[in-house]
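Residue numbers (our numbering), protein chains in the order written: chain A, 356 to 1021; chain B, 7 to 263. Each residue gets a CB set at the ideal place from its N, CA and C atoms; glycine is no exception. Just so we're clear, the structure is a prediction, and the values are computed from it rather than from any experiment. Some notes on the structure that comes next.
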């Protein structure tokens, strides 16, 4: 019942009571009429909510001028149309709906709310426009609805869940370089520049060179030879396409949101987004040249390899894989769950309100007062929480164990009678004065912890409700409903992982704690180096001649763990393959070797000094990585935000076009 | 959703006319009993019906109750000595009913139909929240979208409610109180009304709870059963899982060293 309903009911009951006590029939009948009417409205509304609300349906269509689409593209705008209707009998005279825009898209214009009557013949429609600033997955959860009667006496708020996942495929963003008078750079090579610079047996002319004994006569360029008065041989392009495999790092370290970097529309930028942009650009450029491209997505747990092909279906599949990878969020098992609990609970309250009601999901109130959850935790959260955890133990010792022990000691001493007088006096004093004082102190501490632990009790309630929710969600099959709840309540790491999984699955951006209780960085993940090395060796094993392997990985924090990867690269280079390493570069840090006054931090302030030290650390780490790979003849580039895809392609092109001297290095 | 800001909604005008008419009728009926004091509810109702009026019909009802309470005509013995004016009482009840319903529905159109959410009043801190959760919503009902027969249904149900109330009032008024309460029959009537209301509420509550349980979704049913199981075995489960967690942490500490 709403405030308006309670107020009106109060007035009606007052009228009725005055009519009864004053014996005024008119007043009594009027009061009774109004009370009956309010009761009737309540009953009718409650029945309507219980019987017809489950027939409320929502249909959604996301598309552009050509119609609805199942896949979206980064950088484009789309129209979202949502229709809420009632299937079957019944009518709701007033429903207010609000569509929830996913965090992966940017709301451009149009209203996301509508209200009015809903029945089989009447429906509510919401239409608005969105744009997709980053690749990933756009998850439309559903619509939030509020049902009320005509008077506004009773209201029911709920969420109509209809999750729809739409992949946002990476688009190729071509950046301008220079002013408006400078021509934009193209991905495709200008005509006349040969892209396959290896000589072969094709039909396109690549180059002219001096005649060498053994060259077939049909390759002699007679006209040029006549002009130069010596034999000149034509070199033709190789028609063997280049096979390229992209190894994209999707581990937790590249999924951490870059501080201060906000893409268009308010979406937070991750290094993974930059890697996906690069990979998508390279993929498209190779596809236009009919080169074969493969993809390997790896993280700290394993890798997924797609072998190089060049069909359009293959290209679409790779783009979909990259889009799905862009939707991943960082996961760290040792993150403090209390840091993520408020945002997860707030989100669950919006999307799963009926599963968090006390009628179906409750915790006894006394439990939160007396029993700390979990019993053992690695996280130190302050003295108040330590007191909250140990209050029952303190009470037990202070009121029972210690006084009892004192009593026993006194009885033993009194029975044997061999103790000196002062000892007996002391023990008696401790028993009769110290005991009550200790008990009083223990009780005071106990009451103090009860009164000051309101925040902890709130977090415990939230934790229990969310844990129960995780156990019954259909997408979470790893938790059994019989024992999963207790496991989540007692295991901080397990609960933290499920919280992060819940937030990542629903595409809710959140600030994941970067450091654990011991101050260790949670997202270093050195295990991915071995996974990458293994995947690279597999690709080399299955590869053919002269393949190109591009490693798009964050190795800056792992320069001391590169041995397995270097060994794998050594094998690849030994088999005459080409390897290129591209590391994502943090935003706001000047590129190594380039002085940039805008990005040079001030060193006369403490934050500036710390920033300067961290920049220097990054540059040093990049230098170490580059030196480590340079010994093997492998180039390392950093994909800073202003470097466009053509620049990276140019580096790849230079690698491709390196002349080969038989028996020598490229 | 069409934007009908430019046209005056017909529902707002209809309910306003109905409320004003009913209020005037109530005033006329009250003047016969109360004299010039009957203008007071009219004034308060008029302020509430004004374009930016903040007073709801509750104030008018309370004003009528207060005016009657201190009127000075109080009959301590049983039913009123005056000749019963059934038609007048019914007309009064219908008029007040029509006024209250019209005014409340007018408030839903002019101000808000759904309860305003305090979170929506806060300014958005970042642009990222624009178009997302907790958007300030239009809480008012669009008056141009009255349902079919809404006004007719209101006028037809008013006498029905009044008649039912009158029959119930007769049942209550003519019920003989027990000997202990013969001197204060009003208390006995209050007890009767409260008892009847509680029985009715209890029966409705049972029916609605049964409906809610029988129509619950699968996740809700799972949650209920899971809560029962957890409630019965939480002590044991807590002990086992706490030890498992402690053992795992001990192993991790050893590995970290």
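Between the alpha carbons of residue 461/A and residue 994/A lies a distance of about 25 angstroms. Taking 8 angstroms as the cut-off, the Cβ atoms of residue 980/A and residue 924/A do not count as close. The alpha helix (DSSP H) runs lying completely inside the stretch 834-873 of chain A and spanning 4 residues or more are 839-845 and 847-860, given in chain order. At the C-beta level, residue 883/A and residue 654/A come within 8 angstroms of one another. By the Cβ rule, the stretch 752-763 of chain A does not count as touching the stretch 707-722 of chain A, because fewer than three pairs are nearer than 8 angstroms. In this chain, the beta strand (DSSP E) harbouring residue 602/A covers 598-604. Residue-level contact by beta carbon fails for residue 49/B and chain A, as no gap is shorter than 8 angstroms.
The beta-carbon of residue 95/B is placed less than 8 angstroms from the nearest beta-carbon of chain A. Taking the Cα positions, residue 500/A is about 8 angstroms away from residue 511/A. One Cα belongs to residue 183/B, the other to residue 705/A, and the distance between them is close to 53 angstroms. CA-CA distance, residue 963/A to residue 975/A, rounds to 18 angstroms. Rounded to the nearest whole angstrom, the C-alpha separation of residue 795/A and residue 739/A is 19 angstroms. Non-local beta-carbon contacts of residue 96/B in its own chain, meaning distances under 8 angstroms to residues more than five positions away in sequence, involve 165, 168, 169 and 172 in chain order. A distance of 8 angstroms or more separates the beta carbons of residue 896/A and residue 458/A. Contact annotation for residue 183/B against chain A: no contact, minimum CB-CB distance about 12 angstroms [criterion: below 7 angstroms].
When 7 angstroms is used as the limit between beta carbons, residue 232/B is near these residues of chain A: 823, 826, 827, 836 and 840, in chain order.
Residues of the stretch 399-412 of chain A that bring their beta carbon within less than 8 angstroms of a beta carbon in chain B comprise 401, 402, 405, 406 and 409, in sequence order. In the DSSP assignment, residue 752/A falls outside any alpha helix (DSSP H), carrying neither H nor E. Contact between residue 469/A and residue 481/A is confirmed by a C-beta separation of about 5 angstroms, below the 8 angstroms threshold. Think of a sphere of 9 angstroms around the beta carbon of residue 38/B: no beta carbon from chain A falls inside it, the nearest being about 11 angstroms out. By the criterion of at least three beta-carbon pairs nearer than 8 angstroms, the stretch 60-71 of chain B is in contact with the stretch 30-50 of chain B. With a threshold of 8 angstroms between beta carbons, residue 367/A makes contact with chain B.
If you draw a straight line from the Cα of residue 587/A to the Cα of residue 900/A, it comes to about 29 angstroms.
By the neighbour-count definition (other C-beta atoms within 10 Å, threshold 16), residue 390/A is a buried residue. Residue contact check for residue 362/A against chain B: a CB pair falls below 8 angstroms. Under the 10 Å beta carbon count, residue 727/A is surrounded by 16 or more other beta carbons and is classified as buried. Residues of chain B whose Cβ lies closer than 7 angstroms to the Cβ of residue 846/A are, in chain order, 247 and 251. Counting of Cβ neighbours within 10 angstroms places residue 983/A among the buried residues, the total reaching 16 or more. The stretch 102-116 of chain B and the stretch 173-182 of chain B do not touch, with fewer than 3 CB-CB distances between them shorter than 8 angstroms. Taking 8 angstroms as the cut-off, the Cβ atoms of residue 647/A and residue 599/A count as close. Here residue 823/A is buried: its Cβ has 16 or more other Cβ atoms, across all protein chains shown, within 10 Å.
Three or more Cβ pairs closer than 8 angstroms define a contact, and the stretch 676-689 of chain A falls short of that threshold against the stretch 765-781 of chain A. The Cβ of residue 947/A sits no closer than 8 angstroms to any Cβ of chain B.
Taking C-beta atoms as the reference points, residue 498/A and residue 464/A fail to come closer than 8 angstroms.
For the stretch 496-508 of chain A, residues whose beta-carbon sits nearer than 7 angstroms to a beta-carbon of chain B comprise 501, 503, 505, 506 and 507.
Apart from the 5 residues on each side of it in sequence, residue 589/A sits with its Cβ closer than 7 angstroms to the Cβ of 560, 563, 574 and 576 in its chain, given in chain order.
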